[in-house]
Amino acid sequence: MSSAVRFGSYGGSDALEVVEVDDRPPGAGEVRVAVVSAGVNRCDIEGADDSSGDERPKGKGSDFAGLVAAVGEGVTSVRVGDEVIGFSDCRNGQAEFATVHESRLIGKPDGLDWHTAGALYVAGTTAQACVDAVAPRDGETVVVAGAAGGVGVLATQLAIREGARVIATARECHHDYLRGLGALPVTYGDGLRERVLEVAGEEPVVAFIDTHGNGNVDLAVDLGVAPERINTVADFDAATRVGAQTCGQDSVDPGSVLSRLAGLLTCRQLELPIRSSYPLARVKDAYKSVAAGHGLGKVVIDVRSIG
Ligand SMILES: NC(=O)c1ccc[n+]([C@@H]2O[C@H](COP(=O)([O-])OP(=O)(O)OC[C@H]3O[C@@H](n4cnc5c(N)ncnc54)[C@H](OP(=O)(O)O)[C@@H]3O)[C@@H](O)[C@H]2O)c1
41 MSSAVRFGSY GGSDALEVVE VDDRPPGAGE VRVAVVSAGV NRCDIEGADD
91 SSGDERPKGK GSDFAGLVAA VGEGVTSVRV GDEVIGFSDC RNGQAEFATV
141 HESRLIGKPD GLDWHTAGAL YVAGTTAQAC VDAVAPRDGE TVVVAGAAGG
191 VGVLATQLAI REGARVIATA RECHHDYLRG LGALPVTYGD GLRERVLEVA
241 GEEPVVAFID THGNGNVDLA VDLGVAPERI NTVADFDAAT RVGAQTCGQD
291 SVDPGSVLSR LAGLLTCRQL ELPIRSSYPL ARVKDAYKSV AAGHGLGKVV
341 IDVRSIG
């Protein structure tokens, strides 16, 4: 038996429980990972009904990192004891042990801390998908809305790496941090259009990445951005209405994207701020922190300590 987050009914973080579950050995091609750190994402909160099948209680968590505890028949890419970053398609990462197909693991680079490794999958693949979708070119002005969030903070840096001039919307308390990344921060809310135009100056805004919704897609259109260079992961109705893109985590090859991002993070060419961490027993508090909707970077669950 081992501990895992489960929910038996829909009802936000209060429906979550840490329960003892039966352990099963990994099947052919599968790997059992002793989870060290697991990320919490908005989709864990928003999409309660996202595991396969209707059977409950269901598990939670897509992102995790840990140590290979056992391998199933035919597994060749990892060995017991390897440090790995994983992603769970059926959302069972917030647990002492996560069992996934070997193709859902990459090696964790030495030097990458466990929190960052455990929080990387969803935010990293989504941020890369956003940037790929709007394809910023050298010198172009791009807006990233929700730039302090898990997806936004990575999308901001990845767009800057492409040579873009990034106007980053966030609460004022995050402006110094975003400026330090090389972005041009502006406060969201009433008057955002005017603030963006003022910062853009003579340069047109030619691409827009929206990670928050709430009118950002319409703002992008109003700023003159072509619909094919607007990408939202938060407002699908608006995207349909204006013909914008909705590329997200499923739009990229996760293994290759994660390997590249993990490498950049390890050599400090990219950063993923971790705003708070909670032990597994306090999973409800971790979810409440994410649900609060403001904050820099990621919230993680410390599942076990090693070393
Ligand atoms: N389709 C996909 O594949 C996919 C994958 C991952 C996430 N998502 C979606 O992407 C969105 C962002 O996810 P996340 O993990 O980055 O969330 P997050 O870490 O909770 O970040 C949300 C950010 O939104 C900012 N924000 C709050 N109100 C805002 C406003 N009115 N205008 C602009 N920004 C505002 C907050 O920044 P301040 O602190 O500055 O207020 C916060 O940092 C969510 O809707 C999530 O469901 C989609």
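Mapped onto the working numbering, the consecutive letters of the sequence shown carry residue numbers 41 to 347.
Heads up, the beta-carbon is just placed ideally off N, CA and C, and yes, glycines get one too.
- Membership of R281 in the alpha helix (DSSP H) is indicated by the continuous run F276 to V282.
- Runs of alpha helix (DSSP H) with 4 or more residues, each lying fully within the segment 290-322, are found at 294-306, listed in chain order.
- Taking C-alpha positions only, V61 is separated from S42 by approximately 6 Å.
- Beta-bridge partners of T209 (DSSP): A185 and V226.
- In the three-state reduction of the DSSP assignment, N81 falls in the coil class.
- Within the DSSP bridge table, the entry for V162 names no partner.
- By the neighbour-count criterion, in which 16 or more other beta carbons inside 10 Å mark a residue as buried, C307 falls on the exposed side.
- DSSP links H141 through a beta bridge to E70.
- In the structure shown, the three-state DSSP call for L107 is strand.
- Remark: the C-beta of D290 is in contact range of ligand 1, defined as less than 7 Å to any heavy atom.
- Closest in C-alpha terms to V45, from the list Q134, A109, P267 and D63, comes Q134.
- DSSP, read as helix, strand or coil, puts N271 in strand.
- DSSP places I249 inside the beta strand (DSSP E), whose first and last residues are V245 to D250.
- A straight-line Cα-Cα distance of about 48 Å links D262 and R344.
- Distance from the C-beta of T116 to the nearest heavy atom of ligand 1 is not below 7 Å.
- Look at C307: its beta carbon is at least 7 Å from all of the heavy atoms in ligand 1.
- Residue environment: S296 is assigned as exposed (fewer than 16 neighbouring CB atoms within 10 Å of its CB, all protein chains considered).
- DSSP lists I314 as the bridge partner or partners of K338.
- Sixteen is the threshold: since fewer than 16 other Cβ atoms of the shown chains lie within 10 Å of the Cβ of P65, the residue is exposed.
- Short note on G52: C-beta not closer than 7 Å to any heavy atom of ligand 1.
- Under the three-state reduction of DSSP output, Q285 falls in the strand class.
- Boundaries of the alpha helix (DSSP H) harbouring I200: G190 to R201, taken from the DSSP string.
- In chain order, the residues positioned with their C-beta nearer than 6 Å to some heavy atom of ligand 1 are N81, R82, C83, E86, V162, A163, T166, A185, G186, A188, G189, G190, V191, G192, T209, A210, R211, H214, Y228, T251, H252, N254, V273, A274, G288, Q289, V330, G333, H334 and G335.
- A contact is defined here as three or more CB-CB pairs under 8 Å, and the segment 163-173 fails this definition with respect to the segment 137-153.
- Of V58, A175 and G126, the smallest CA-CA separation from G106 is found for G126.
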